[in-house]
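Beneath this line is the structure, given in structure tokens, with notes to follow.
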Amino acid sequence: AALLEKTWKIKPLTLCTFGGGRKKDQLQRQGRAIEAGVPVAVATPGRLSRLLDDGHAKVAGMELVVVDLAMDLKQRDVLSLPETRRDFFQLFRSHLCGPLKEASAAAPRLAL
Numbered sequence: 001a002a003l004l005e006k007t008w009k010i011k012p013l014t015l016c017t018f019g020g021g022r023k024k025d026q027l028q029r030q031g032r033a034i035e036a037g038v039p040v041a042v043a044t045p046g047r048l049s050r051l052l053d054d055g056h057a058k059v060a061g062m063e064l065v066v067v068d069l070a071m072d073l074k075q076r077d078v079l080s081l082p083e084t085r086r087d088f089f090q091l092f093r094s095h096l097c098g099p100l101k102e103a104s105a106a107a108p109r110l111a112l
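The opening residue of the sequence shown carries number 1 in the working numbering; numbering runs sequentially from there.
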């Protein structure tokens, strides 16, 4: 997120489980922020998949999908974690594969 802010001079919406409150309330808050319009949102595979599954976001309205696969707080490569790999491939199969295949001007771009 900091690199995007520095390079593009925009503040991306960071979608994560931090910030307090119940998970349901966090998802609703983040969903409202997405619906209000953001130039770029950065999310972990699990959080983005949950927002899409619950209808808080739609791939059709996204120009750029940034999936955060950086090191976690314990300095582990997150793709080495089985649950993150599962979440990433589930997100890709369920939500991103079709729109990315279309390769039209309306299809989102994917950044990892």
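All residues carry an ideal CB built from backbone N, CA and C; glycine is no exception.
### Query
Hey, quick one: how far does the beta strand (DSSP E) through Ala113 stretch, first residue to last?
For the chain, the structure presents residues 1 to 112; residue 113 sits outside this window and is missing.
### Touch test, the stretch 26 to 40 against the stretch 77 to 94, Cβ-Cβ under 8 Å, three pairs minimum
By the Cβ rule, the stretch 26 to 40 does not count as touching the stretch 77 to 94, because fewer than three pairs are nearer than 8 Å.
### Message
Do Leu52 and Leu15 count as a contact pair if the criterion is CB distance below 8 Å?
### Response
no
### Message
In whole angstroms, give me the CA-to-CA distance for Leu69 and Gln26.
### Response
21 Å
### Task
If I'm right that Val67 touches Phe88 with Cβ under 8 Å, what's the distance once you round it to whole angstroms?
7 Å
### Task
Would you identify the three-state DSSP class for Ala60, choosing helix, strand or coil?
Of the three classes helix, strand and coil, the one that applies to Ala60 here is helix, per DSSP.
### Query
Per DSSP, Thr14 is paired with what?
Val42
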